[in-house]
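Trainee:
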Amino acid sequence: MARWLFGRAAVKRSGSGVVQVIVWARSGKVPGLARQKKWVKAKVSADEVGRLVWVKPAGEPVELTLRSREPRPRNKSDLFFLDPGTPVWEATTPDGQEIGIVIPQAREHSFVEQLPVAEHAEPQA
Numbered sequence: 178m179a180r181w182l183f184g185r186a187a188v189k190r191s192g193s194g195v196v197q198v199i200v201w202a203r204s205g206k207v208p209g210l211a212r213q214k215k216w217v218k219a220k221v222s223a224d225e226v227g228r229l230v231w232v233k234p235a236g237e238p239v240e241l242t243l244r245s246r247e248p249r250p251r252n253k254s255d256l257f258f259l260d261p262g263t264p265v266w267e268a269t270t271p272d273g274q275e276i277g278i279v280i281p282q283a284r285e286h287s288f289v290e291q292l293p294v295a296e297h298a299e300p301q302a
């Protein structure tokens with residue numbers, strides 16, 4: 178279903194720095210958007226400080242920290258229309274809100290390299 182939602186548009190975007198994503202908030206609403214929504218299909222880019230910048234729909238840039246650069250497979254708590262096994266990246270905002278991100282086009286997955294990742298504390302020996 179997610180593949181169908183995104184169709185042929187990725188071909189036009191390649192190399193532009195803009196990727197199409199699905200973003201949702203585990204609790205509350207997606208931050209940065211003028212219209213409050215639980216989830217949104219959007220075109221985004223990243224600025225030089227690693228914030229998520231809304232291209233369409235328009236909104237305020239959002240500071241996110243990825244839990245990991247490695248995605249996990251979709252689970253039951255994610256959006257119902259995602260295909261099983263869809264890669265999902267988890268992120269948090271500075272105020273602690275949990276965000277889920279899906280990048281449907283495999284060739285655009287490298288976009289996450291532009292976002293900051295939480296530094297896990299190394300176990301002390």
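Residue numbers (the numbering used here): 178 to 302.
C-beta atoms are modelled at their ideal positions from N, C-alpha and C, and glycine is treated no differently.
Whole angstroms is fine: what's the gap from Glu267's alpha carbon to Gln197's?
Mentor: Your numbering for residue 267 matches position 90 in the sequence shown. Your numbering for residue 197 matches position 20 in the sequence shown. The alpha-carbon atoms of Glu267 and Gln197 are separated by roughly 16 angstroms.
Trainee: Using the Cβ count rule (16 or more neighbours within 10 Å means buried), how would you classify Arg251?
Mentor: Locating residue 251 in the sequence shown gives position 74, counting from the first residue. Its Cβ being crowded by 16 or more others within 10 Å, Arg251 is buried.
Trainee: Would you report the Cα separation of Glu296 and Pro234, rounded to the nearest angstrom?
Mentor: For the purposes of this step, residue 296 is identified with residue 119 of the sequence shown, where counting begins at 1. For the purposes of this step, residue 234 is identified with residue 57 of the sequence shown, where counting begins at 1. When rounded, the distance between both Cα atoms is 30 angstroms.
Trainee: Excluding the 5 residues preceding and the 5 following Gly205 in the sequence, name in chain order all residues of the same chain whose CB lies nearer than 7 angstroms to its CB.
Mentor: In the sequence shown, the residue the question calls residue 205 occupies position 28. The answer, listed in chain order, is Gln274.
Trainee: Compare the beta carbon distance of Gly194 and Leu292 with 8 angstroms and say whether it is the shorter of the two.
Mentor: Residue mapping note: residue 194 aligns to position 17 of the sequence shown, counting from 1. Residue mapping note: residue 292 aligns to position 115 of the sequence shown, counting from 1. No, the pair does not count as a contact, with Cβ atoms beyond the cut-off.
Trainee: According to the neighbour-count rule (16 or more other Cβ atoms, all chains shown, within 10 Å of its Cβ), is Trp255 buried or exposed?
Mentor: Translated into the one-based positions of the sequence shown, residue 255 becomes position 78. Checking the sequence shown, residue 255 turns out to be Asp, not Trp. Asp255 should be labelled buried.
Trainee: According to DSSP, is Ser204 part of a helix, a strand, or is it coil?
Mentor: Reading the sequence shown from its first residue, position 27 is the one you call residue 204. DSSP places Ser204 in coil when its eight states are reduced to three.
Trainee: By the 10 Å Cβ neighbour count, where 16 or more other Cβ atoms means buried, how is Trp181 classified, buried or exposed?
Mentor: Position 4 of the sequence shown, counted from the start, is the residue given in the question as residue 181. In this prediction, Trp181 scores a pLDDT of 46, lower than 50, which makes its location untrustworthy; the coordinate-derived value is nonetheless stated afterwards. By the neighbour-count rule (16 or more Cβ atoms within 10 Å), Trp181 is not buried but exposed.
Trainee: How many Å lie between Pro169 and Trp216 at the Cα?
Mentor: With the chain running from 178 to 302 in the structure shown, residue 169 is simply not present.
Trainee: Residue ranges of each alpha helix (DSSP H) run of no fewer than 4 residues wholly in the stretch 198-273, ordered along the chain?
Mentor: none
Trainee: Here's the rule I'm using: 16 or more other beta-carbon atoms within 10 Å means buried, otherwise exposed. How should Glu299 be labelled?
Mentor: What you label residue 299 is simply residue 122 of the sequence shown in a count that begins at 1. Reliability fails at Glu299, whose pLDDT of 48 lies under 50, so the model's placement of it is uncertain and the value that follows must be treated cautiously. Result: exposed.
Trainee: Give a yes or no on whether the C-beta atoms belonging to Val221 and Val207 are separated by under 8 angstroms.
Mentor: Working through the sequence shown from its first residue, we reach residue 221 at position 44. Working through the sequence shown from its first residue, we reach residue 207 at position 30. Result no, Cβ atoms of Val221 and Val207 do not sit closer than 8 angstroms.
Trainee: Sorted by chain position, which residues of the same chain lie with C-beta nearer than 7 angstroms to Trp289's C-beta, five sequence neighbours on each side aside?
Mentor: Position 112 of the sequence shown holds residue 289. First, the amino acid is wrong: residue 289 is Val here, not Trp. Answer for Val289: Leu243, Arg246, Trp266, listed in chain order.
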